[in-house]
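A.B. asks: Quick mapping for you: the protein sequence lines, in order, are chains A and B.
Last residue of the first sequence: 405 (the working numbering), numbering continuous.
Last residue of the second sequence: 405 (the working numbering), numbering continuous.
Positions of the beta carbon are idealized from the N, C-alpha and C atoms, including for glycine.
There are 2 protein chains.
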Amino acid sequence: MMDTVAPTGLSFKAQMRRAREGAIVGTVCRLMADKGFDAMTVDEVAAAVGIAKPSLYKHFPSKEDLAAAAMAHVLQRAGEYVAEVPLSLPPLKRLHAVLRWAAQVHLAGDLPILPGPRSPLRATLSVHPVYLAALRSVSAPLEGWIREAQADGSLNAALPPQAVLYALYARACDPLISLLQGTGQYSDDEILDLALSACFDGLRAR
Amino acid sequence: MMDTVAPTGLSFKAQMRRAREGAIVGTVCRLMADKGFDAMTVDEVAAAVGIAKPSLYKHFPSKEDLAAAAMAHVLQRAGEYVAEVPLSLPPLKRLHAVLRWAAQVHLAGDLPILPGPRSPLRATLSVHPVYLAALRSVSAPLEGWIREAQADGSLNAALPPQAVLYALYARACDPLISLLQGTGQYSDDEILDLALSACFDGLRAR
DNA sequence: GTCTATAAATAGATAGAC
DNA sequence: GTCTATCTATTTATAGAC
């Protein structure tokens with residue numbers, strides 16, 4: 200039996216709270232994907248969620264915590280997807296599948312864009328425990344797969360594993376996807392294929 | 200004889216004006232590379248240039264025009280570089296050289312990050328004549344080189360030329376470069392080689 | 001053209017009623 | 001816990017002296 204009904208009455212309110220926080224976080228993801236952290240206003244978030252601004256601040260103490268929660272949420276979803284990728288697949292295919300998943304989230308408009316190198320948000324994230332934990336839950340298995348794929352000869356072994364990992368994070372947020380989407384000339388599947396091919400196959404002919 | 204001394208007295212002031220505007224635009228480039236358009240404030244720009252804010256507004260009528268001028272400036276520099284690339288090189292090498300140049304500018308901290316897909320800045324840029332002209336002065340030759348490189352079999356012909364062009368723009372601003380730079384583990388040349396290899400060769404082994 | 005001083009709007013964040 | 005109303009700081013932009 201699932202534990203959707205908790206032993207205490209407290210948990211019902213807790214569930215509603217989590218549901219609302221989920222709605223908030225989802226909204227923040229969309230707004231950060233659209234305009235980025237700096238251009239997003241707390242008023243917009245509140246209006247889009249359909250609640251008042253002070254209610255937001257009961258859930259999250261600051262705008263930056265709001266953003267950190269949103270990015271942690273995306274990373275947690277990614278971590279869940281990573282955990283479900285069948286290890287029977289060859290490691291390169293597993294990496295391919297993860298990037299495809301991330302690119303789909305990007306296409307759907309739910310992937311916050313990366314903060315600038317010296318953005319104040321970066322400082323907040325770099326000490327945010329929940330965000331960092333979610334980041335590691337993705338990075339650790341990916342880095343293992345990268346080493347596997349380099350060992351079996353399917354991934355370019357001249358690239359440091361860390362560089363490959365960073366490249367995958369960068370490609371998940373690839374502006375190429377938005378640019379192609381903006382033309383209106385390609386279907387979502389075509390965009391995914393183009394972006395993945397550009398990343399794994401490279402621009403040079405093979 | 201060079202025309203550094205102009206026939207009219209007016210042109211001397213004009214030169215000083217251009218020099219100051221050059222300093223402003225250079226500062227804006229650095230700030231936009233660091234923090235992006237939205238997090239950059241006009242006060243910061245004025246302070247960094249060493250002039251008062253109203254003086255800024257004598258040169259540029261709004262913050263968005265400031266940003267457009269900065270991005271147009273980078274594109275003009277890129278256009279000048281493109282015009283100097285020897286056509287004796289094979290087309291793929293020419294594209295390679297241009298991306299390397301852009302990545303160097305990025306590494307130096309002088310390449311504004313791309314605005315978000317629905318950023319208000321995008322709307323301004325899309326109707327800014329100087330910016331659009333500079334953009335075309337880069338895009339037109341690049342697109343020709345892309346078709347050449349596909350025709351001679353060195354560039355993946357399965358990718359639409361437009362997609363390759365967008366990919367090059369995206370890679371010029373590749374966050375991978377900042378991420379590698381942030382580790383402190385790699386020299387600038389190593390970062391350039393890694394970023395260029397990831398773009399042209401792809402992550403897969405060859 | 002450059003500055004000091006300031007306007008006008010908007011941002012993040014909170015007080016206090018219910 | 002949620003809302004109305006508000007505070008404070010900051011931001012873009014300008015008026016007006018020199």
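I'd like to know whether the C-beta of B/D400 is nearer than 9 Å to at least one C-beta of chain A.
C.D. replies: Yes, B/D400 counts as interfacial toward chain A.
A.B. asks: Consider the Cβ of B/P289: report whether some Cβ of chain A lies at a distance smaller than 9 Å.
C.D. replies: B/P289 does not count as touching chain A.
A.B. asks: Is the CB of A/K212 under 9 Å away from at least one CB in chain B?
C.D. replies: Not closer than 9 Å to any Cβ of chain B, the Cβ of A/K212 fails to qualify, so no.
A.B. asks: So with Cβ pairs under 9 Å, would you call B/Q303 a contact of chain A?
C.D. replies: False, the Cβ-Cβ gap to chain A never drops below 9 Å.
A.B. asks: Which residue wins for smallest C-alpha separation from A/K262, given the options A/Q214, A/T240, A/S318, A/A357?
C.D. replies: Out of A/Q214, A/T240, A/S318, A/A357, A/T240 has the C-alpha closest to the C-alpha of A/K262.
A.B. asks: Quick one: does A/S353 have its CB under 9 Å from some CB of chain B?
C.D. replies: It does: the Cβ of A/S353 has a partner Cβ on chain B nearer than 9 Å.
A.B. asks: Give me the chain A residues within the contact set of B/R317, using Cβ-Cβ distance strictly less than 8 Å, ordered along the chain.
C.D. replies: Under the 8 Å cutoff, chain A gives D233, K234.
A.B. asks: Starting from B/L375, find everything on chain A with Cβ-Cβ shorter than 9 Å and list it in chain order.
C.D. replies: Simply A362, Y365, A366, Y368, A369, R370.
A.B. asks: What residues in its chain sit with their C-beta under 7 Å from that of B/R229, if we drop five residues either side in the sequence?
C.D. replies: If we look at B/R229 and ignore the five residues flanking it on each side, its Cβ neighbours are G308, D309.
A.B. asks: Could you compute how far the alpha carbon of B/A369 sits from the alpha carbon of A/S210?
C.D. replies: Those two C-alpha atoms are separated by around 47 Å.
A.B. asks: Buried or exposed: A/S287, going by 16 or more other Cβ atoms within 10 Å of its Cβ?
C.D. replies: Per the 10 Å Cβ criterion, exposed.
A.B. asks: Indicate the three-state DSSP secondary structure (helix, strand or coil) for B/R403 in the structure shown.
C.D. replies: B/R403: strand per DSSP, three-state reduction.
A.B. asks: Give me the Cα-Cα distance between B/V329 and A/T382, rounded to the nearest whole angstrom.
C.D. replies: Those two C-alpha atoms are separated by around 22 Å.
A.B. asks: Reducing DSSP to helix, strand and coil, say where B/L265 ends up.
C.D. replies: Reduced to three states, the DSSP call for B/L265 is helix.
A.B. asks: Kindly indicate if chain B contains any beta-carbon less than 9 Å away from that of A/G381.
C.D. replies: Judged by the 9 Å Cβ criterion, A/G381 is in contact with chain B.
A.B. asks: For A/M231, is the beta carbon positioned less than 8 Å from some heavy atom of the ligand SAM?
C.D. replies: What this structure holds is no ligand at all, so the ligand SAM is not there to describe.
A.B. asks: Could you tell me if A/G278 is buried or exposed, where buried requires 16 or more neighbouring beta carbons within 10 angstroms of its beta carbon?
C.D. replies: A/G278 should be labelled buried.
A.B. asks: For A/G315, count neighbouring C-beta atoms within 10 Å of its own C-beta (all shown protein chains included) and say buried if the count is 16 or more, exposed if not.
C.D. replies: Answer is buried; the Cβ neighbour count reaches 16.
A.B. asks: Hey, which unbroken runs of the alpha helix (DSSP H) at 4 residues or more fall wholly within the segment 305-346 of chain B?
C.D. replies: Listed in chain order, they are 319-324.
A.B. asks: Along chain A, which residues have their Cβ under 7 Å away from the Cβ of B/D237?
C.D. replies: Neighbours of B/D237 on chain A, chain order: G235, D237, A238.
A.B. asks: What in chain A is Cβ-close to B/A356, meaning under 8 Å?
C.D. replies: A404, listed in chain order.
A.B. asks: Looking at chain B, which residues of the segment 254-285 of chain A have a Cβ within less than 8 Å of any of its Cβ atoms?
C.D. replies: Of all residues in the segment 254-285 of chain A, none has a Cβ within less than 8 Å of some Cβ in chain B.
A.B. asks: In the structure shown, what three-state DSSP assignment does A/L375 receive?
C.D. replies: It is helical.
A.B. asks: Name the DSSP bridge partner or partners of B/L354?
C.D. replies: Note: B/L354 sits in a beta bridge opposite A/R403.
A.B. asks: Would a C-beta distance cut-off of 9 Å place A/P290 and A/E347 closer than the cut-off?
C.D. replies: The answer is yes: Cβ separation under 9 Å.
A.B. asks: Do you know offhand how far B/A218's Cα is from A/H305's?
C.D. replies: Taking the straight line joining both Cα atoms gives about 42 Å.
A.B. asks: Strictly below 8 Å CB to CB, what residues from chain B border A/L393?
C.D. replies: The answer, in chain order, is L358, P359, A362.
A.B. asks: Write down the C-beta distance between A/T323 and A/A267 rounded to the nearest angstrom, noting that I regard them as a contact closer than 8 Å.
C.D. replies: Contact holds; Cβ gap of about 6 Å.
A.B. asks: Output, in chain order, the set of chain B residues within a Cβ distance shorter than 9 Å of A/L331.
C.D. replies: By Cβ distance, chain B contributes nothing, its closest Cβ being about 15 Å from A/L331, past 9 Å.
A.B. asks: Using DSSP with H/G/I as helix, E/B as strand and the rest coil, what is A/D237?
C.D. replies: A/D237: coil per DSSP, three-state reduction.
A.B. asks: Let's see if you can read the secondary structure: which residues bound the alpha helix (DSSP H) around B/S386?
C.D. replies: First-last for B/S386: undefined, no H or E at that position.
A.B. asks: I want to know whether the segment 352-371 of chain B touches the segment 391-399 of chain A - three or more CB-CB distances under 8 Å.
C.D. replies: Yes, since at least three Cβ pairs between the segment 352-371 of chain B and the segment 391-399 of chain A fall closer than 8 Å, the two stretches touch.
A.B. asks: Hey, how far is the Cα of A/E342 from the Cα of A/P360?
C.D. replies: For A/E342 and A/P360, the distance between alpha carbons rounds to 7 Å.
A.B. asks: How big is the Cα-Cα spacing for A/A205 and A/E220?
C.D. replies: Bear in mind that the predicted position of A/A205 carries a pLDDT of just 49, short of 50, making it unreliable; the figure below should be weighed with that in mind. Cα to Cα, A/A205 sits roughly 19 Å from A/E220.
A.B. asks: Please say whether B/L354 and A/R403 have beta carbons closer to each other than 9 Å?
C.D. replies: Yes. Within cutoff.
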